[in-house]
Amino acid sequence: MRDAPAGGSLNVRLGPWSVRLAPRALLVSLLLLLAGLLVTVAALSTGEFTVPVPDIIGALFGQGTPVAELIVGKLRAPRVVTGLLVGAAFGMGGAIFQSLTRNPLGSPDFIGFTAGASTGGIIAVVAGGSALTIAGGALAGCVVTAVLVYALAYRGGVQGYRLVLVGIGANALLLAVNSYILTRANINDAATAGAWLTGSLSGRGWEHARPVALALLVLLPLCAYISRPMRMIEMGDDAAKAMGVRVEAVRAAAIAAGVLLTGVATAAAGPVIFVAMAAPQLARRLTRSPGVTLASSALMGAVLLTAADLAAQRLLAPTQLPVGVLTAAIGGTYLVLLLRKDRH
Amino acid sequence: MASLETSGSRLTGTGLTLAYDQRVVATGLSVAIPDESFTVIIGPNACGKSTLLRALARMLKPKAGAVHLDGSVITSLPSKEVARRLGLLPQSSIVPDGITVADLVARGRYPHQKLMRQWSKADEAAVDEAMRATDVTELADRIVDELSGGQRQRVWLAMALAQETPILLLDEPTTFLDISHQIEVLDLCAELHEAGRTMVAVLHDLNQACRYATHLIVMKAGRILAEGDPTEIVTPELVREVFDLRCEIIQDPQSGTPLIVPEARRRVPATAAF
Amino acid sequence: MRPAEDTAADTAAAGAGQAVSTTRAGASDERAARARPPVLVAGLVVTIALLALVAMASVALGARSVSFSTVIDAFLAPNGSNDHTVIRELRVPRTLLGLGVGATLGLAGALMQSLTRNPLADPGLLGVNEGAALGVTLALGVFGLSDPTVYIWFAFGGAALASAIVYALASANRSGSSPVRLALAGVAFGMVCTAVASAILRMDSQTFDRMRFWLAGSLAGQTADTLVRLAPFMVAGLVLGLMLARPLNTLALGDDAGKALGVAVNRTRILTGVAVTLLCGAATAAAGPLWFVGLIVPHAVRALVGPDQRWVLPYSALAAPVLLLGADVAGRLIARPGEVQVGIVWAIVGAPIFILLARRKRVAAL
Numbered sequence: 001m002r003d004a005p006a007g008g009s010l011n012v013r014l015g016p017w018s019v020r021l022a023p024r025a026l027l028v029s030l031l032l033l034l035a036g037l038l039v040t041v042a043a044l045s046t047g048e049f050t051v052p053v054p055d056i057i058g059a060l061f062g063q064g065t066p067v068a069e070l071i072v073g074k075l076r077a078p079r080v081v082t083g084l085l086v087g088a089a090f091g092m093g094g095a096i097f098q099s100l101t102r103n104p105l106g107s108p109d110f111i112g113f114t115a116g117a118s119t120g121g122i123i124a125v126v127a128g129g130s131a132l133t134i135a136g137g138a139l140a141g142c143v144v145t146a147v148l149v150y151a152l153a154y155r156g157g158v159q160g161y162r163l164v165l166v167g168i169g170a171n172a173l174l175l176a177v178n179s180y181i182l183t184r185a186n187i188n189d190a191a192t193a194g195a196w197l198t199g200s201l202s203g204r205g206w207e208h209a210r211p212v213a214l215a216l217l218v219l220l221p222l223c224a225y226i227s228r229p230m231r232m233i234e235m236g237d238d239a240a241k242a243m244g245v246r247v248e249a250v251r252a253a254a255i256a257a258g259v260l261l262t263g264v265a266t267a268a269a270g271p272v273i274f275v276a277m278a279a280p281q282l283a284r285r286l287t288r289s290p291g292v293t294l295a296s297s298a299l300m301g302a303v304l305l306t307a308a309d310l311a312a313q314r315l316l317a318p319t320q321l322p323v324g325v326l327t328a329a330i331g332g333t334y335l336v337l338l339l340r341k342d343r344h
Numbered sequence: 001m002a003s004l005e006t007s008g009s010r011l012t013g014t015g016l017t018l019a020y021d022q023r024v025v026a027t028g029l030s031v032a033i034p035d036e037s038f039t040v041i042i043g044p045n046a047c048g049k050s051t052l053l054r055a056l057a058r059m060l061k062p063k064a065g066a067v068h069l070d071g072s073v074i075t076s077l078p079s080k081e082v083a084r085r086l087g088l089l090p091q092s093s094i095v096p097d098g099i100t101v102a103d104l105v106a107r108g109r110y111p112h113q114k115l116m117r118q119w120s121k122a123d124e125a126a127v128d129e130a131m132r133a134t135d136v137t138e139l140a141d142r143i144v145d146e147l148s149g150g151q152r153q154r155v156w157l158a159m160a161l162a163q164e165t166p167i168l169l170l171d172e173p174t175t176f177l178d179i180s181h182q183i184e185v186l187d188l189c190a191e192l193h194e195a196g197r198t199m200v201a202v203l204h205d206l207n208q209a210c211r212y213a214t215h216l217i218v219m220k221a222g223r224i225l226a227e228g229d230p231t232e233i234v235t236p237e238l239v240r241e242v243f244d245l246r247c248e249i250i251q252d253p254q255s256g257t258p259l260i261v262p263e264a265r266r267r268v269p270a271t272a273a274f
Numbered sequence: 001m002r003p004a005e006d007t008a009a010d011t012a013a014a015g016a017g018q019a020v021s022t023t024r025a026g027a028s029d030e031r032a033a034r035a036r037p038p039v040l041v042a043g044l045v046v047t048i049a050l051l052a053l054v055a056m057a058s059v060a061l062g063a064r065s066v067s068f069s070t071v072i073d074a075f076l077a078p079n080g081s082n083d084h085t086v087i088r089e090l091r092v093p094r095t096l097l098g099l100g101v102g103a104t105l106g107l108a109g110a111l112m113q114s115l116t117r118n119p120l121a122d123p124g125l126l127g128v129n130e131g132a133a134l135g136v137t138l139a140l141g142v143f144g145l146s147d148p149t150v151y152i153w154f155a156f157g158g159a160a161l162a163s164a165i166v167y168a169l170a171s172a173n174r175s176g177s178s179p180v181r182l183a184l185a186g187v188a189f190g191m192v193c194t195a196v197a198s199a200i201l202r203m204d205s206q207t208f209d210r211m212r213f214w215l216a217g218s219l220a221g222q223t224a225d226t227l228v229r230l231a232p233f234m235v236a237g238l239v240l241g242l243m244l245a246r247p248l249n250t251l252a253l254g255d256d257a258g259k260a261l262g263v264a265v266n267r268t269r270i271l272t273g274v275a276v277t278l279l280c281g282a283a284t285a286a287a288g289p290l291w292f293v294g295l296i297v298p299h300a301v302r303a304l305v306g307p308d309q310r311w312v313l314p315y316s317a318l319a320a321p322v323l324l325l326g327a328d329v330a331g332r333l334i335a336r337p338g339e340v341q342v343g344i345v346w347a348i349v350g351a352p353i354f355i356l357l358a359r360r361k362r363v364a365a366l
């Protein structure tokens, strides 16, 4: 048996089945899980009312004091869980689009999908919709944008670069529509819509977490299934086709999955930008895997978003920053990092 | 009708009309790739040679006509099934960031794998064999980006070999390589052919085509002008018709195949000669 | 144009294809310019006439209906009436601002497209205007500097930094920079700048209220005084930019060919960068970050006058204000008695045109 190459693979075989695993990616995933757990515990425990770590479990399962139960179970836990799920959805959505566009900046934030979700969301805000309507509006906006971008970019197939360019055009258009709505709305609606546009996890309850969880549950198997053919498409359409990949079908499925992930995440937390851009590349750098990997990107997204949300709540306490401000800072830092790191 | 022609050809195209968008490159093109041949397709720029190869490899859907593989219309077969019988080395592929040689070659096993059968013993054996044949075993742990052009082309070829297909199509495998690497790649193709594979390559260099091909297809402006053993079909008239070049044809002193020597406009003065 | 077999390799062969097409463009340069100067000069005159027409419309039309004779009177016999004040204090400065901003952005876009040999270069798309806007936001929102001659330096700083970062981002990859990569890098960096600027504004509701229209791109709300202070920078940028036509023409053949033909490549690049910074910084300080003006106008101009920068640059500088003022007037008329910011009008009209350009195979694959 050949020696496993550096950062290579761990082959597990059982009868006719075999799985190929990258030890480094496994390790990184475990560490990310651990980091997510730490952030979760910190978010549940700290704040204006400190709940000691041992009491958290009790408070979650109805064994703690009523105050602790209210704060941990009703306020902090749904927020953290929403953050984890939304972060994972953004991370995975970003990884899908970066793979499709073969570009570390090819994130849904820049090619119109997040902007489309925003448009749907603020139309619902201005129309005086409930939280549920706003979420529905965001998801609908994202899906409609995606269908239009896909249709406009389609010329006997959707090449990555055309998807990017058409998406950039759609992005500009939708951002303008968003500012138009903001300038035309009455001042209260404009303020609400403006706040929603920054992206925030504050006041998120289980009703926000549930749809994201459901979407992840449904889309994870699909993503696992298409992740291998997607990796082939990264080598070029011809190379992938020659290997028996049905390129356009895989691409359409990947776009659908990426759009739904981005859409439900935006519906739950508003357009928190830059998580989808940064998470897949940060994960890739840690795992040193060629191309983006969906699982570690999802974990990285979850950790990034919850950590950013924790920082947004505690950094300038009692002032609460919207998490979108923090992720924008992460985005800026990340771009500078990208400048340095790719130069080797 | 197709089945009649395919007696000696697993891969055939009949009545092909090939076009990019609205621009028609070829009409009514029919071709049969002889089994276990080393077929080379040649012709001037824009004659449609790569287009034909792409159609044979189902990269391009013909506007009319059909490509048959083993008697079935190629697009009616499951894509992975085709990929286990017919491989293609495309003209340009993208090296994923930071991938190692071993990982890239391993990707050639995709058509043989399933979600729950990602890395069988057969996969491992095929990858080892492909790397040995292309002489990239020592490079296994290197990052593909950091290799030279010739090494990289051998790695791509290794990936196509790992696919273990009886038919292998190569789209200009020698472009961007210097002459020694060109010969190296073509010698490797000849070895693969001798080992029993059917090879089909699009080449630019007529002399290289004559030397390596057992079956030559000469194209011009979307039509096949001549086809057969290079020693039988390559004549000064053909070269003039296809490439608009006056030449003399001699025997290649190394291989005995036809060697095209373009007509000279000036000669070295006698005194300066050796 | 290119042989059929290359179509498959579109994206990969981007660089090569581009070199081919620019060489061809460069070769026809001289001929096109020499063959048709009378037509081109006449075209310039027509453009100037159009510009005058739009400028008049911009003074006469708006949310408030003013009769034409009142407009004339406002100049010849101002009587201090409400109508006359609106025209003299608001519409005239606004029109002049539109002329200045249009000319600067049109020229900046043409310069950027020529320098980067990238048909998709645009000051807004590539994040330069957003960088300048972040600079202005910092100056106004954080440091409280409200003098235009002071905060414009923040705009220049932001624009220069943005150009450098975006260019580095796009080429920080082994396969070099391509139009698509450059556009993505610009959009990403621009969105970071916009997010940071919005965050700054959100912390201070007073500044937010004052600047949110500016941030959407607007010609309204600048006083004649601001205009006077910003004008010298715009003029400097315009003059410098127009002087670069000749070396840029030669550089269109490629850096090496340019060098071989005796162009100081680095100096031309740096001077073009300075001109772009001046133009974008001044335009953004005046009207906020505007998209697509610098993208679409040079495209249309090239289609009409050919690739010679000696014609492309002045035409772009003259045609852009026609369209910018036209959009501004339209924005005032469609939502009476309110108005739609010119930046929004441009994005809504410009984005579909951008998508059309992107769908064209040759542009997208370059």
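Residue numbers (my numbering), protein chains in the order written: chain A, 1 to 344; chain B, 1 to 274; chain C, 1 to 366.
Cβ atoms here follow ideal geometry from the backbone N, Cα and C, with glycine treated the same way.
A quick note: this is a predicted structure, and the numbers were derived from the prediction, not measured.
Around the C-beta of residue i, are 16 or more other C-beta atoms found within 10 angstroms, so that it is buried, or is it exposed?
i	result
Gln-98/A	buried
Val-261/B	exposed
Gly-15/A	exposed
Val-72/A	buried
Arg-240/B	exposed
Gly-144/C	exposed
Ala-27/C	Any reading at Ala-27/C needs caution, since the residue's pLDDT is 40, under 50, leaving its predicted position unreliable; the model's value is listed next. Exposed, because fewer than 16 other Cβ atoms sit within 10 Å of the Cβ of Ala-27/C.
Arg-107/B	buried
Val-336/A	exposed
Pro-54/A	exposed
Pro-247/C	buried
Val-65/A	Looking at the sequence itself, residue 65/A is Thr, so the reference to Val does not match. Thr-65/A should be labelled exposed.
Leu-238/C	buried
Asn-129/C	buried
Please list, in chain order, all residues of the same chain as residue i whose beta carbon is under 8 Å from its beta carbon, the five residues on each side excluded.
i	result
Arg-102/A	Gly-160 and Glu-234
Val-95/B	Leu-104, Val-144, Asp-145 and Arg-152
Quick check on this structure: which residue in the options has the alpha carbon closest to the alpha carbon of residue i?
i	options	result
His-84/C	Asn-129/C, Gly-100/C and Ser-67/C	Ser-67/C
Met-92/A	Pro-322/A, Ala-276/A and Ala-329/A	Ala-276/A
Arg-229/C	Trp-153/C, Val-297/C and Gly-190/C	Trp-153/C
Gly-199/A	Val-259/A, Gly-128/A, Gly-121/A and Asn-171/A	Gly-121/A
Leu-259/B	Glu-124/B, Thr-51/B, Leu-238/B and Val-234/B	Val-234/B
Ala-25/A	Ile-226/A, Thr-287/A and Leu-339/A	Thr-287/A
Pro-78/B	Gly-256/B, Arg-58/B and Ser-93/B	Arg-58/B
Gly-256/B	Asp-244/B, Val-67/B, Ala-213/B and Glu-227/B	Ala-213/B
Might you give, ordered along the chain, the residues of its own chain that have their beta carbon closer than 7 Å to the beta carbon of residue i, omitting 5 neighbours on each side?
i	result
Asn-118/C	Pro-179 and Leu-182
Ser-29/A	Ala-295, Ser-296 and Leu-299
Arg-24/C	Residue confidence for Arg-24/C is low, a pLDDT of 39 falling below 50, so the modelled location carries little weight; the figure read from the coordinates is stated next. Excluding positions up to five away in sequence, the list is empty.
In the DSSP assignment, find the unbroken beta strand (DSSP E) run with residue i in it and report its ends.
i	result
Ala-64/B	64-69
From which residue to which residue does the alpha helix (DSSP H) around residue i run?
i	result
Cys-47/B	Note, Cys-47/B: premise wrong, no alpha helix (DSSP H); not H, not E.
Ile-233/B	230-233
Counting pairs of beta carbons, one from the region 303-311 of chain A and one from the region 79-87 of chain A, are three or more of them closer than 8 Å?
yes
Give a yes or no on contact between the region 100-109 of chain C and the region 269-283 of chain C, applying the rule of three or more CB pairs nearer than 8 Å.
yes
Taking three-plus beta-carbon pairs below 8 Å as touching, is the region 53-71 of chain A in contact with the region 262-272 of chain A?
no
Would the region 81-96 of chain B count as touching the region 105-125 of chain B if we require 3 or more Cβ pairs under 8 Å?
yes
Three or more C-beta pairs under 8 Å: does that hold for the region 153-173 of chain B against the region 184-203 of chain B?
yes
Could you tell me whether the region 71-79 of chain C touches the region 307-325 of chain C, where touching means 3 or more Cβ pairs closer than 8 Å?
no
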